[in-house]
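Working notes for the structure below.
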Amino acid sequence: VIASESRGAGAVALAAGGLLVSSLWSIRCMRLYAVLPFVMCILAALLILYFYVTGYDSIHLGDATIDLTERTFIWQYAISHFNDAPLLGFGINGFWTLPSVYDYFEQSHGWVLDNYHSGYIAIAIETGLFGYLLFTTSVFLFSNKVLYLIATRAINRFHCALIIGFVVLSFQTNFTETMFLRSTMFTSVLLVAIFFAVCRPVPQEDLQQS
Numbered sequence: 001v002i003a004s005e006s007r008g009a010g011a012v013a014l015a016a017g018g019l020l021v022s023s024l025w026s027i028r029c030m031r032l033y034a035v036l037p038f039v040m041c042i043l044a045a046l047l048i049l050y051f052y053v054t055g056y057d058s059i060h061l062g063d064a065t066i067d068l069t070e071r072t073f074i075w076q077y078a079i080s081h082f083n084d085a086p087l088l089g090f091g092i093n094g095f096w097t098l099p100s101v102y103d104y105f106e107q108s109h110g111w112v113l114d115n116y117h118s119g120y121i122a123i124a125i126e127t128g129l130f131g132y133l134l135f136t137t138s139v140f141l142f143s144n145k146v147l148y149l150i151a152t153r154a155i156n157r158f159h160c161a162l163i164i165g166f167v168v169l170s171f172q173t174n175f176t177e178t179m180f181l182r183s184t185m186f187t188s189v190l191l192v193a194i195f196f197a198v199c200r201p202v203p204q205e206d207l208q209q210s
């Protein structure tokens, strides 16, 4: 982080440290952080709805216009095609591989990236409304299971803090970067592995000890 001289990386490092320390310090904080992934899914859905309804290619707050280094141009372009495959989406990697989609964006902006720069929009466009609802439901079940593990003390507190910290930061990062649906990214594979590990049945002996 220090060698890269990246303010974004520095902010993420500070956030990770803050999440870990506060989770270890307070069970209440740990419970709050456990529901943040689900909350972020809802917020992302509202953001997608904003671009879908308004048709804007940037975020307007009063007199200010925010495009997040032109990321919102990509978001609006992808969302404008949502009605082409609203329920099941375009399929994994099925949107940017369409020549008409790729070429039109390049002609309009003079540049193109086959990247949504938002994991949530990637899910909405590539898996459709059903896919996004299924994803949000799975995140809700994950958060609910973590709250259960905390309440029954069926998980090591330090391990729980690490899991929550990683998941929260992953979901936060996906607002402006695409990690979801990336099977070749270590962080994406680790996130899926964590979900499976957390959602496995709790051994009865662990419940009896708690």
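Numbering-wise (UniProt numbering), the sequence shown opens with residue 1 and increments by one. Even for Gly, the Cβ is constructed at its ideal location relative to N, Cα and C.
Residues bridged to T65 (per DSSP): H60
F95 (DSSP reduced to helix, strand or coil): coil
Closest Cα partner of E70 within the set G62, P86, Y56: Y56
For H159, the first and last residue of its enclosing alpha helix (DSSP H): 157-173
Status (buried if at least 16 other CB within 10 Å, exposed otherwise) for F38: Per the 10 Å Cβ criterion, buried.
Under 7 Å between C-beta atoms of A161 and L47: no
Residues of its chain near L141, where Cβ-Cβ distance is below 8 Å and the 5 sequence neighbours each way are ignored: The answer, listed in chain order, is C199.
Best match in I164, F51, I92 for proximity to E126 [C-alpha to C-alpha]: I92
Of the listed residues L134, G119, F73, G89, nearest to H109 (C-alpha basis): Of the candidates L134, G119, F73, G89, F73 places its Cα closest to the Cα of H109.
Beta-carbon proximity of F180 to A122, cut-off 7 Å: Here F180 is near A122, since their CB atoms are less than 7 Å apart.
Nearest to N174 (by Cα), restricted to the options Y104, A124, R28: A124
DSSP-derived helix/strand/coil call for L141: Reduced to three states, the DSSP call for L141 is helix.
Which of helix, strand or coil DSSP assigns to G110: DSSP places G110 in coil when its eight states are reduced to three.
Identity of the residue in Y132, S170, G128 nearest S188 by Cα: S170
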